[in-house]
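Taken in order, these protein sequences are the chains called A and B. Note that the working numbering gives residue 168 to position 168 of the first sequence, counting from 1, and the numbers run on in steps of one. Note that the working numbering gives residue 28 to position 28 of the second sequence, counting from 1, and the numbers run on in steps of one. Here a beta-carbon is modelled for each residue, glycine too, at the ideal position from N, C-alpha and C. Working notes, structure below.
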Amino acid sequence: MRFAVVQFGGSNCDRDVCHVLTDVCGVDTDLVWYKDGLSRSYDAVVLPGGFSYGDYLRPGAIAARTPIMADVIRHAKTGGLVLGICNGAQIASEAGLVPGVFTLNAYPKFISRHVHLRVENTTSPFTTLYRKDEVIRIPIAHAEGRYVAPPLEIARLNREKRVAFRFCGEDGNVGPESNPNGSMESITGILSGGGNVLAMMPHPERSSEAVLGSEDGVKIFNSMVAYIEEYGRRSPAQQENWA
Amino acid sequence: MKYTVTITIRLKEGMLNPEARAIQHALKNLGFQTEDLTTARLFRIRLDAPDAAAARETARQMCDRLLANPVIHDYAIEVE
């Protein structure tokens, strides 16, 4: 099993993700410079956080149109797992891997703190190790993380159980008081139609070791590992979805 | 022919614009009362095209493929 973590100019969480995958999860991981492209087959690709291209134009907009993203899209379309974290989530949505957009926070400032998330989907390759409605604590660090999508798209995401995480209070209640950035329906983690792409604003790599105050995020990486061990690179369901 | 294409990109009607709200608030602190305020982004691009329609079409493709995000943006193109 081998993971790739893509480094764009301006990525700054690439080594953190690589450290967690390698040293905490025990997965062979390559840091791949975006100009090198995906030169081999990977079981999973992580688009890490940061400020690719200085957030010029829109966060993730320019990185989403680099040649390596054509490789990543191809990887996703053949059922490969893709996890986009923070700027990586913005890149994934700009690349059309998931619907909607992450844009300027309702109160337009940078927020860096731990938040609570409610796990809404426990059947995706990224969330099988969580319990339904489990409340987890993971930090966010963004100014442009407000999730926006057309109402029909939101309805579809709900119907197809493609909302992975919502912001919530410590008690698991979802509402405006526990929605730090004004995301529609407090959504902050969304899955692609095939379920094999997860885009999320919170940083699981910053909550994967006890020394960091929370280990709640590591289950995302470990879920991916468990999924790949069980189903290999692509599941029958995904083959059907992408056929 | 050389053309100058001016592209204006703004948030769709009804979209929350936190930037505009913050600017409006700052203007208020300076004593300016405003009824409404919106912001937009302007791109001025010099390019070569066979005619004005072709220049406009190129600009439209630029908007669709990079400059605008159709989920949240509308755009307007002027060619001169």
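Subject >> Nearest-angstrom beta carbon gap, A/V163 and A/E120 [assumed within contact, 8 Å] >> reply: The count along the first sequence starts at 1 and reaches residue 120 of chain A at position 120. The count along the first sequence starts at 1 and reaches residue 163 of chain A at position 163. Right, their Cβ atoms sit about 5 Å apart.
Original post:
Quick one, which of A/M200, A/L47, A/E215 has its alpha-carbon nearest A/R206's?
Top reply: Start at 1 with the first residue of the first sequence, and residue 206 of chain A comes out as number 206. For A/R206, the nearest C-alpha among the options comes from A/E215.
Original post:
Which value, in whole angstroms, describes the spacing of the CA atoms of A/K219 and A/T188?
Top reply: Counted from its first residue, the first sequence places residue 219 of chain A at position 219. Counted from its first residue, the first sequence places residue 188 of chain A at position 188. Distance between the alpha carbons of A/K219 and A/T188: 17 Å.
Subject >> Three-state secondary structure assigned by DSSP to A/D23 >> reply: Taking the first residue of the first sequence as position 1, residue 23 of chain A is located at position 23. The answer is helix: DSSP assigns A/D23 an H, G or I state.
**OP:** Using a cut-off of 7 Å between C-beta atoms, extract the partners of A/T103 located in chain B.
**Re:** Residue mapping note: residue 103 of chain A aligns to position 103 of the first sequence, counting from 1. Neighbours of A/T103 on chain B, chain order: I72.
Original post:
Should B/A76 go down as buried or exposed, given a rule of 16 or more other Cβ atoms within 10 Å for buried?
Top reply: What you label residue 76 of chain B is simply residue 76 of the second sequence in a count that begins at 1. Exposed, since its Cβ has fewer than 16 Cβ neighbours within 10 Å.
**OP:** Taking C-beta pairs closer than 9 Å, name the residues in chain A that B/E19 reaches, listed in chain order.
**Re:** The residue you call residue 19 of chain B lines up with position 19 of the second sequence. Neighbours of B/E19 on chain A, chain order: L104, P108.
**OP:** Could you tell me which residues DSSP pairs with A/F165 in its beta bridges?
**Re:** For the purposes of this step, residue 165 of chain A is taken as the residue at position 165 of the first sequence. In DSSP, A/F165 forms a bridge with A/V119, A/G189.
Original post:
So what does DSSP say about B/R41, is it helix, strand or coil?
Top reply: Locating residue 41 of chain B in the second sequence gives position 41, counting from the first residue. Shown here, B/R41 sits in a strand according to DSSP, grouped into three states.
Original post:
Alpha carbon to alpha carbon, what distance is there between A/C86 and A/S112?
Top reply: In the first sequence, counting from the first residue as 1, residue 112 of chain A sits at position 112. In the first sequence, counting from the first residue as 1, residue 86 of chain A sits at position 86. Taking the Cα positions, A/S112 is about 12 Å away from A/C86.
**OP:** Take the Cβ of A/S41 as the centre, count every other Cβ of all protein chains shown within 10 Å, and call the residue buried at 16 or more, exposed below.
**Re:** Taking the first residue of the first sequence as 1, we reach residue 41 of chain A at position 41. Under this definition A/S41 is an exposed residue.
Original post:
Quick one: Cα of A/V244 to Cα of A/D43, how far?
Top reply: Residue 244 of chain A lies beyond the stretch modelled for chain A, which goes from 1 to 243, so this question has no answer here.
Original post:
Nearest CA to the CA of B/T4: which residue from B/R41, B/A49, B/N29?
Top reply: Sequence index remark: in the second sequence, residue 4 of chain B carries index 4 (1-based). The option with the nearest alpha carbon to B/T4 is B/A49.
Subject >> Integer-rounded CB distance, given that A/P180 should sit under 8 Å from A/P139 >> reply: Within the first sequence, residue 139 of chain A is the residue found at index 139, counting from 1. Within the first sequence, residue 180 of chain A is the residue found at index 180, counting from 1. Going by Cβ atoms, the distance from A/P139 to A/P180 rounds to 11 Å, so no, they are not a contact pair.
Original post:
Among all the DSSP beta bridges, which residues are the ones paired with B/T6?
Top reply: Looking up residue 6 of chain B in the second sequence gives position 6. B/R44, B/E78.
Original post:
Which same chain residues, not among the five before or five after B/T38, have their C-beta less than 6 Å away from its C-beta?
Top reply: As a first step, residue 38 of chain B is located in the second sequence; it is residue number 38 there, counting from the start. Taken in chain order, the residues that qualify are A20.
Subject >> Distance between A/G60 and B/R56 (C-alpha atoms, nearest Å) >> reply: Position 56 of the second sequence, counting from 1, holds the residue named residue 56 of chain B. Position 60 of the first sequence, counting from 1, holds the residue named residue 60 of chain A. In this structure, the CA atom of B/R56 is about 26 Å from the CA atom of A/G60.
Subject >> From A/V46, A/D36, A/G37, A/L57, residue whose alpha carbon lies closest to that of B/F43 >> reply: Here residue 43 of chain B refers to the residue found at position 43 of the second sequence. The candidate whose alpha carbon is nearest that of B/F43 is A/L57.
Original post:
Which term fits A/P125, buried or exposed, when burial requires 16 or more other beta carbons within 10 angstroms of its beta carbon?
Top reply: Counting from one through the first sequence, the residue named residue 125 of chain A turns up at place 125. Label assigned to A/P125: buried.
Subject >> Terminal residues of the alpha helix (DSSP H) in which A/H203 lies >> reply: In the first sequence, residue 203 of chain A corresponds to position 203, counting from 1. Per DSSP, A/H203 belongs to no alpha helix (DSSP H) and is neither H nor E.
Original post:
Are the CB atoms of A/C18 and A/V32 nearer to each other than 8 Å?
Top reply: Here residue 18 of chain A is taken as the residue at index 18 of the first sequence, counted from 1. Here residue 32 of chain A is taken as the residue at index 32 of the first sequence, counted from 1. In this structure, A/V32 does not lie closer than 8 Å to A/C18 by Cβ.
**OP:** Give the residues of chain A in contact with B/A22, contact being defined as C-beta atoms less than 8 Å apart.
**Re:** Along the second sequence, read from residue 1 onward, the residue named residue 22 of chain B stands at position 22. Listed along chain A are P108, each with a C-beta nearer than 8 Å to that of B/A22.
Original post:
Residues in the region 32-59 of chain A with C-beta within 9 Å of chain B's C-beta atoms, listed in sequence order?
Top reply: Cβ contacts with chain B: L57, R58.
Original post:
What residue ranges within the region 37-118 of chain A form continuous alpha helix (DSSP H) runs of no fewer than 4 residues, ordered along the chain?
Top reply: You should have 67-77, 87-94.
Original post:
What three-state label does DSSP hand A/R16 in the structure shown?
Top reply: For this step, residue 16 of chain A is matched to residue 16 along the first sequence. The sequence shown places Asp at residue 16 of chain A, rather than the Arg named in the question. Correct three-state label for A/D16: helix.
**OP:** Quick one: residues in its chain with C-beta nearer than 8 Å to the C-beta of A/G37, no 5 flanking neighbours on either side, listed in chain order?
**Re:** Taking the first sequence and counting its residues from 1, one reaches residue 37 of chain A at position 37. These residues qualify, in order along the chain: P67, I68, D71.
Subject >> The alpha helix (DSSP H) enclosing A/F3, as first and last residue numbers >> reply: For the purposes of this step, residue 3 of chain A is identified with residue 3 of the first sequence, where counting begins at 1. Here A/F3 belongs to no alpha helix (DSSP H); instead the beta strand (DSSP E) covers 2-7.
Original post:
Taking the beta strand (DSSP E) that B/I23 falls in, what are its first and last residues?
Top reply: Position 23 of the second sequence, counting from 1, holds the residue named residue 23 of chain B. Going by DSSP, B/I23 is part of no beta strand (DSSP E) but of the alpha helix (DSSP H) stretching over 18-29.
Original post:
Roughly how many whole angstroms lie between the Cα atoms of A/A243 and A/V45?
Top reply: In the first sequence, residue 243 of chain A corresponds to position 243, counting from 1. In the first sequence, residue 45 of chain A corresponds to position 45, counting from 1. At A/A243, the pLDDT of 33 sits below 50, so the modelled position is not reliable and the matter cannot be decided from this model.
Original post:
Expressed to the nearest angstrom, what Euclidean distance is found between the alpha-carbon atoms of A/H114 and A/R137?
Top reply: Taking the first sequence and counting its residues from 1, one reaches residue 114 of chain A at position 114. Taking the first sequence and counting its residues from 1, one reaches residue 137 of chain A at position 137. Each residue's Cα considered, the two are about 6 Å apart.
**OP:** Note down, in chain order, every chain B residue with its Cβ under 8 Å from the Cβ of A/P150.
**Re:** Counted from its first residue, the first sequence places residue 150 of chain A at position 150. One finds V71 in chain B with Cβ atoms closer than 8 Å to the Cβ of A/P150, taken in chain order.
**OP:** Determine the contact status of B/A40 and B/R10, defining contact as a CB-CB distance below 8 Å.
**Re:** For this step, residue 40 of chain B is matched to residue 40 along the second sequence. For this step, residue 10 of chain B is matched to residue 10 along the second sequence. Yes. Within cutoff.
Original post:
Given a threshold of 16 other Cβ atoms within 10 Å of its Cβ, counted over all protein chains shown, does A/R131 qualify as buried or as exposed?
Top reply: As a working note, residue 131 of chain A is residue 131 in the first sequence. So A/R131 counts as exposed.
Original post:
In chain A, what lies closer than 8 Å to B/L37 by C-beta?
Top reply: As a working mapping, residue 37 of chain B is identified with position 37 in the second sequence. Close to B/L37, with beta-carbon spacing below 8 Å, lies no residue of chain A; the smallest spacing is near 14 Å.
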